[in-house]
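S.K.:
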Amino acid sequence: MKFTPHTAQEVAEMLGTIGVSEIDDLFAPIPAELKTEGLDLPKGISEPEAVRQLKKLSGKNKADMTCFLGGGVYDHFIPSAVDAISSRPEFYTAYTPYQPEASQGTLQALYEFQTMMCEMTGMEASNASMYDGGTALAEAALMALRISKKRNKIVIDSSVNPVHKKIVETYLSFLDAEVIDVVYGSGESVEKYIDGTVAGFLFQNPAFDGTVQDFTDIVAKVQADKSVAVASVYPISLGAVKSPGEMGFDVAVGDGQSLGNPLSFGGPYFGFMTTTKKHIRNLPGRITGKTVDTEGRDGYVLTLQAREQHIRRAKATSNICSNQSLCAMNGLFYMALMGSKGLEDVAALCKSKAEYAKEKLAELDGVSVVNDGITFNEFVIELPVNASEVCAKTAKNSILAGIPFGHYVEGAENKLLVAITEQRTKEEIDSLVSEIGGAI
């Protein structure tokens, strides 16, 4: 089937108008060695044949694995209503709502999303989402540099996800900025860097190893030094632990995957970013505001647009454009369906089941829990053997036991990062304990 409406005669006329004889002439500047000789694709097949082929391929997937993986994204239950609502064409096909008069539904939904994110994080202003948690943290680092114009240092606490640290370093690598990484396990404190030269301090709660901390005191010291304090948070944990706003942070960011978005080989997910009213003009990304029209009716618009790349590209706070707003819609619908009580219940289940898992794993010979402090739903255990080898053995029996900590922390080859969510049953946790016991 031809999808272009041009006849051969029309194509010839267009080529003649621009002074070339055939379509290949348009690609003449491309060196011959860079051109392909055509794609090695099979002939077209019918829809039934295509369905059979895709089913055959999908049958190779192992979809029945019990997941204890974490490290920033988690296997949470998603109410079926979330996808049912977000798949409506009003949301599913919507683009950036530059024409507010034609986009009130989308804008109102984004406004509600921002409101809920502010309530969850205890902050005063939110954007309409970012790409993911790692890039949101990097954008927060850039935001800190904008706020503290005469300072060019960013300090990343040892609590921060190592993958997100790399993203921050990549973002800042070609700027006049210095990134100071406080290495996990070094015993070093960020307090030594509170010296009047740092633009922003980045923290994570719960930490990458699952430990929950109260950063209230250190945040006060950072702010007394006129630096920006940034918290990267796991949103589900906010049903059980202090919010960034309660600890006094200037900026809160995180990955919204756990709010109604399925695990999907790295994405798409969405990032969120909230802040105080004081810093709203340095906030990157879209911001939806509420106003009234000439007849006094409530209306929603994109506001403070002078910060954005489609207004002043060279001076924009960020070049984020078509972001994962559909994923943010999933987050909105999840939060609305669960309610504050539902989120608290999910957090309580995660916490209690993780405590049970810690207790049972610690009973295994040669296994100990590494975390000294309180944990939420994730923790590190030390094994008597290599963690990667243990994971390979448990995977053969359809259990993804966790993330080998040595992938991210030097000298931690025998340590395993285990995550427990409300999805995991007692039987599944007992199976994990049994499989790890058999593998060591």
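Using numbering that gives the first Met the number 0, the first residue of the sequence shown is number 0, and each one after it goes up by one.
Ideal placement from N, C-alpha and C gives every residue a C-beta, glycine not left out.
1) Would DSSP call Phe202 helix, strand or coil?
2) Between Asp23, Lys220, Phe173 and Phe271, which has its C-alpha nearest Tyr233's C-alpha?
3) I need the DSSP call for Glu421, collapsed to helix, strand or coil.
4) Short of 6 Å in beta carbon distance, which residues of its chain neighbour Val240, apart from the five on each side in sequence? Order them along the chain.
5) Alpha carbon to alpha carbon, what distance is there between Gly338 and Pro267?
6) For the segment 210-229 and the segment 342-354, state whether three or more C-beta atom pairs, one from each stretch, are separated by less than 8 Å.
7) Measuring CB to CB, does Leu325 end up less than 8 Å from Ser79?
8) Per the DSSP calculation, Gly253 is bridged to which residue(s)?
9) Are the beta-carbon atoms belonging to Pro161 and Tyr407 less than 8 Å from one another?
10) Thinking C-alpha only, which one of Asn413, Asp371 and Val368 is nearest Cys390?
11) What span of residues does the beta strand (DSSP E) with Thr299 cover, start to end?
12) Taking only three categories from DSSP, how would you classify Gly372?
13) Which of the three DSSP states, helix, strand or coil, is assigned to Phe173?
14) Going by beta-carbon coordinates alone, are Gly209 and Val227 separated by less than 8 Å?
15) Please state the DSSP three-state secondary structure of Met0.
16) What's the C-alpha gap between Asn441 and Leu431?
17) Residues in the same chain with beta-carbon distance under 7 Å from Met0, minus the five sequence neighbours each way, listed in chain order, please.
18) Please name the residue in Thr273, Asn370, Ile146 and Ala356 whose C-alpha comes closest to that of Phe112.
19) Under a Cβ-count criterion, where at least 16 other Cβ atoms within 10 Å of its own Cβ denotes burial, should Val10 be classed as buried or exposed?
20) How is Leu416 classed by DSSP in three states: helix, strand or coil?
21) With 16 as the cutoff for other CB atoms within 10 Å, does Tyr73 come out buried or exposed?
22) Determine the direct distance from the alpha carbon of Val417 to that of Gln203, and round the result to whole angstroms.
23) Going by other Cβ atoms of all chains shown within 10 Å of its Cβ, with 16 needed for buried, is Arg423 buried or exposed?
24) Can you check whether the CB of Phe90 is closer than 8 Å to the CB of Met328?
25) Quick check: Phe378 and Asn370, are their CB atoms within less than 8 Å of each other?
26) Please state whether the Cβ-Cβ distance between Thr134 and Ile155 is less than 8 Å.
27) Indicate whether Leu360 and Met64 have their beta-carbon atoms separated by less than 8 Å.
28) Nearest CA to the CA of Val213: which residue from Gln304, Asp429 and Ile373?
29) Give every residue of the same chain whose Cβ lies closer than 6 Å to the Cβ of Ser242, excluding the five residues on either side of it in the sequence, and list them in chain order.
30) Of the residues Thr302, Gly37 and Gly71, which one's Cα is nearest the Cα of Asn126?
31) Between which two residues does the beta strand (DSSP E) containing Phe378 stretch?
32) Return the chain-ordered list of same chain residues with a C-beta closer than 8 Å to the C-beta of Lys61, the five sequence neighbours on each side being excluded.
M.R.: Straight from the coordinates:
1) Translated into positions along the sequence shown, residue 202 becomes position 203. If DSSP states are grouped into helix, strand and coil, Phe202 belongs with the strands.
2) Taking the first residue of the sequence shown as position 1, residue 233 is located at position 234. Taking only the C-alpha atoms, the option nearest Tyr233 is Phe271.
3) If you number the sequence shown from 1, residue 421 lands on position 422. DSSP places Glu421 in coil when its eight states are reduced to three.
4) On the sequence shown, residue 240 is found 241 positions in, with the first residue counted as 1. Correct list, in chain order: Val211.
5) Taking the first residue of the sequence shown as position 1, residue 267 is located at position 268. Taking the first residue of the sequence shown as position 1, residue 338 is located at position 339. Their Cα atoms are separated by approximately 24 Å.
6) no
7) As a first step, residue 325 is located in the sequence shown; it is residue number 326 there, counting from the start. As a first step, residue 79 is located in the sequence shown; it is residue number 80 there, counting from the start. Going by C-beta atoms, Leu325 is not nearer than 8 Å to Ser79.
8) Counted from its first residue, the sequence shown places residue 253 at position 254. DSSP, once it has assigned bridges, lists Phe271 as partnering Gly253.
9) By one-based count along the sequence shown, residue 161 stands at place 162. By one-based count along the sequence shown, residue 407 stands at place 408. In this structure, Tyr407 lies closer than 8 Å to Pro161 by Cβ.
10) By 1-based counting over the sequence shown, the position of residue 390 is 391. With distances taken between Cα atoms, Cys390 lies closest to Asn413.
11) Your numbering for residue 299 matches position 300 in the sequence shown. The question names Thr, but residue 299 is Tyr in the sequence shown. Per DSSP, Tyr299 belongs to the beta strand (DSSP E) from Asp297 to Leu301.
12) As a working note, residue 372 is residue 373 in the sequence shown. Reduced to three states, the DSSP call for Gly372 is coil.
13) The residue you call residue 173 lines up with position 174 of the sequence shown. Looking at Phe173 - three-state DSSP - the assignment turns out to be coil, as it is neither helix nor strand.
14) As a position in the sequence shown, residue 209 is number 210, starting the count at 1. As a position in the sequence shown, residue 227 is number 228, starting the count at 1. Taking 8 Å as the Cβ cut-off, Gly209 and Val227 do not qualify as a contacting pair.
15) Within the sequence shown, the letter at position 1 stands for residue 0. With a pLDDT of only 46 at Met0, under the threshold of 50, the placement of this residue in the model should not be trusted, and no figure is reported.
16) Given a span of 0 to 439 for the chain in the structure shown, any question on residue 441 remains unanswerable.
17) Here the question's residue 0 lines up with position 1 in the sequence shown. Caution applies to Met0, whose pLDDT of 46 falls short of 50 and renders its modelled position unreliable; the model cannot decide the point.
18) Position 113 of the sequence shown, counted from the first residue, corresponds to residue 112. Comparing Cα-Cα distances from Phe112 to each of Thr273, Asn370, Ile146 and Ala356, the minimum goes to Thr273.
19) Your numbering for residue 10 matches position 11 in the sequence shown. By the neighbour-count rule (16 or more Cβ atoms within 10 Å), Val10 is not buried but exposed.
20) For this step, residue 416 is matched to residue 417 along the sequence shown. Strand, per DSSP.
21) Along the sequence shown, read from residue 1 onward, the residue named residue 73 stands at position 74. By the 10 Å Cβ count, Tyr73 comes out buried.
22) Locating residue 203 in the sequence shown gives position 204, counting from the first residue. Locating residue 417 in the sequence shown gives position 418, counting from the first residue. Whole-angstrom Cα-Cα distance: 18 Å.
23) Taking the first residue of the sequence shown as position 1, residue 423 is located at position 424. The residue is buried, with at least 16 neighbouring Cβ atoms inside 10 Å.
24) Taking the first residue of the sequence shown as position 1, residue 328 is located at position 329. Taking the first residue of the sequence shown as position 1, residue 90 is located at position 91. Taking 8 Å as the Cβ cut-off, Met328 and Phe90 qualify as a contacting pair.
25) As a first step, residue 378 is located in the sequence shown; it is residue number 379 there, counting from the start. As a first step, residue 370 is located in the sequence shown; it is residue number 371 there, counting from the start. Yes, the pair counts as a contact, with Cβ atoms nearer than the cut-off.
26) Sequence index remark: in the sequence shown, residue 134 carries index 135 (1-based). Sequence index remark: in the sequence shown, residue 155 carries index 156 (1-based). Result no, Cβ atoms of Thr134 and Ile155 do not sit closer than 8 Å.
27) The count along the sequence shown starts at 1 and reaches residue 360 at position 361. The count along the sequence shown starts at 1 and reaches residue 64 at position 65. Their beta carbons are not under 8 Å apart, which means Leu360 does not touch Met64 by this criterion.
28) Working through the sequence shown from its first residue, we reach residue 213 at position 214. For clarity, residue 213 is Asp in the given sequence; the question names Val instead. Residue Ile373 is the option with its Cα nearest to Asp213.
29) As a working note, residue 242 is residue 243 in the sequence shown. Excluding residues within five positions, the ones whose Cβ falls inside 6 Å are Thr120 and Gly121.
30) Taking the first residue of the sequence shown as 1, we reach residue 126 at position 127. Ranking the options by Cα distance to Asn126, first place goes to Thr302.
31) In the sequence shown, residue 378 corresponds to position 379, counting from 1. Where Phe378 is concerned, the enclosing beta strand (DSSP E) stretches over Glu377 to Glu381.
32) Translated into the one-based positions of the sequence shown, residue 61 becomes position 62. So the list reads Ser397, once near-sequence residues are dropped.
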